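Student: Pasting a structure here, questions to come.
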Amino acid sequence: MTATPPAENHSSSRRHGEYKVPGGKLVVVDLDVVDGRLANVSLSGDFFLEPDEALLDINRGLTGLPDTATAAELATVVSSSLPAGAALFGFSADAVAVAVRRALAKATSWTDHHWNVIAPTVLPTEINVALDEVLTEEVGAGRRHPTLRFWDWQEPSTVIGSFQSYRNEVDPGGVAKHGIKVVRRISGGGAMFMEAGNCITYSLYLPQTLVDGLSFADSYPFLDAWVMAALEKLGINAFYVPLNDIATDQGKIGGAAQKRLANGGMLHHVTMSYDIDAEKMVEVLRIGKEKLSDKGTRSAKKRVDPLRRQTGLARTAIIAAMSDVFTDRYGATPSQVTEGELASARERVGSKFGTAGWLHRVP
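Just remember that this note's numbering sits 226 ahead of the position in the sequence shown, which is counted from 1.
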């Protein structure tokens, strides 16, 4: 289901790897592998590099390295190969390392995989969070193609991050007053206030090879480049505010979270506000002054700017535009959650996601 590195051999074979830096330039590496080591390395691209001879310095530095070198090791060699005062514009040593790893089939690109898209299906919120774990495991094990899944739900909910304190994030009075279902997800990040139709939530299930060599910070905009393009088509100029906030010049519209599993699967999860009831949200969530202070605002209501106001479009139309851009970019095909996956999710609700032990694991 995912790209598999070719069997090692001791002959020379030309390899080619490309990496487009998010918001930057294209980095291309061509190389041979001879007896397990890099040979005839040639770096190219539309980046800028000063001085000129630094290009040859990078090629020489990489030549002779074992083809098992990690992305971190490759980046270190690139940096140490540069002459004093060298300037890299539109790319970095880490970007070169990613291109090398892709040339060696240790890292993959979007087009190395067959992608699926699962359309919104109404499910209980606790099933949605359980499916995130199940489907990430399935992709990591190679039993499912990498997949984009849009959520849907009916009951008013709050989903807290894996490491958040329940009592610090949720106001029990507001939860009781508004009949809120509170669940905990496997990814980090902040709490999500979710009523039916008030936000757009999607999960990407992918092999970690897709982000091989990228820092955690760089992996967020890299994995959401397609949705930024979709928003641009809708007239919204969205951008990342490190680490994981998605914003426009009119305010924050969403946030992302990630979880990497030991079997090589990875979850990238995003929630964007569509039509948030800000009054209700601040009654349900304890949004502290410290968190608000670093955003430069006085009110939580000002931090979340709904997509409905910025686009004038129905939520379903925005989701359809996102799905279309993803499908067109990556040749994705429709899919659905299987009965087996749904059964596994239900089992995990009973053993984990629906239990007080999991919900209050950070009191």
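C-beta atoms are modelled at their ideal positions from N, C-alpha and C, and glycine is treated no differently.
All figures in this text were calculated on a predicted structure; none of them were measured in a lab.
Is it the case that the Cβ atoms of G491 and T362 are separated by a distance below 8 Å?
Tutor: yes
Student: Taking 8 Å as the threshold (C-beta atoms), are R263 and G290 in contact?
Tutor: yes
Student: For L300 and W379, what's the separation of their Cα atoms in angstroms?
Tutor: 45 Å
Student: Pull up the CB-CB distance for E256 and R240, whole angstroms please, since I reckon it's below 8 Å.
Tutor: Sequence inspection shows Asp at residue 256; the Glu mentioned does not correspond to that position. With 8 Å as the limit, D256 and R240 qualify as a contact, their Cβ atoms being about 7 Å apart.
Student: Could you please give me the residues that DSSP links to E244 through a beta bridge?
Tutor: Paired residues: V254.
Student: How big is the Cα-Cα spacing for L457 and P292?
Tutor: 42 Å
Student: Rounded to whole angstroms, what's the CA-CA distance from N424 to P382? Just pull it up for me.
Tutor: 10 Å
Student: Can you pull the DSSP bridge partners for I386?
Tutor: R410
Student: So does the stretch 408-423 actually touch the stretch 383-392, counting three or more Cβ pairs closer than 8 Å?
Tutor: yes
Student: So, do the stretch 448-466 and the stretch 392-401 have three or more beta carbon pairs nearer to each other than 8 Å?
Tutor: no
Student: L178: which of Q562, T302, L585, V453 sits nearest, CA to CA?
Tutor: No answer is possible for residue 178: it lies beyond the span of the chain, which begins at 227 and ends at 589.
Student: Could you check what DSSP says for S335 in three-state terms: helix, strand or coil?
Tutor: coil
Student: What first and last residue would you give for the beta strand (DSSP E) that runs through R486?
Tutor: Unbroken beta strand (DSSP E) run through R486: 477-486.
Student: Check whether the Cβ atoms of S499 and I479 sit closer than 8 Å, and answer yes or no.
Tutor: yes
Student: Tell me which same chain residues have a C-beta within less than 6 Å of the C-beta of G366, skipping the five on either side of it?
Tutor: L487, N489, G490, G491
Student: Can you tell me where the beta strand (DSSP E) with D378 in it begins and where it stops?
Tutor: In the DSSP annotation of this structure, the continuous segment of the beta strand (DSSP E) that includes D378 starts and ends at 373-378.
Student: Distance check for L269 and L282, CA to CA, integer angstroms please.
Tutor: 8 Å
Student: Roughly how many angstroms separate the alpha carbons of R572 and F552, rounded to a whole number?
Tutor: 29 Å
Student: Could you tell me the distance, in whole angstroms, from the CA atom of I412 to the CA atom of F442?
Tutor: 17 Å
Student: Compute the Euclidean distance between the alpha carbons of Y466 and S307, then round it to the nearest angstrom.
Tutor: 31 Å
Student: Which partner residues does N342 have in the DSSP bridge list?
Tutor: T373, T559
Student: With DSSP collapsed to three states, give me the class of I472.
Tutor: strand
Student: Here's the rule: buried if 16 or more other CB atoms are within 10 angstroms of the residue's CB, otherwise exposed. What is N342?
Tutor: buried
Student: Taking P309 and P277 to be in contact with their CB atoms under 8 Å, please state how far apart those CB atoms are, rounded to whole angstroms.
Tutor: 7 Å
Student: Would you identify the three-state DSSP class for V496, choosing helix, strand or coil?
Tutor: strand
Student: Along the chain, where does the beta strand (DSSP E) containing S211 start, and where does it finish?
Tutor: There is no way to answer for residue 211, as the model of the chain reaches only from 227 to 589.
Student: Give the list of continuous beta strand (DSSP E) stretches no shorter than 3 residues that lie fully inside the stretch 392-468.
Tutor: 407-410, 418-420, 425-433, 465-467
Student: Give me the Cα-Cα distance between G522 and E244, rounded to the nearest whole angstrom.
Tutor: With a pLDDT of 47 at G522, under the threshold of 50, the modelled position of that residue is not reliable, and no figure is offered here.
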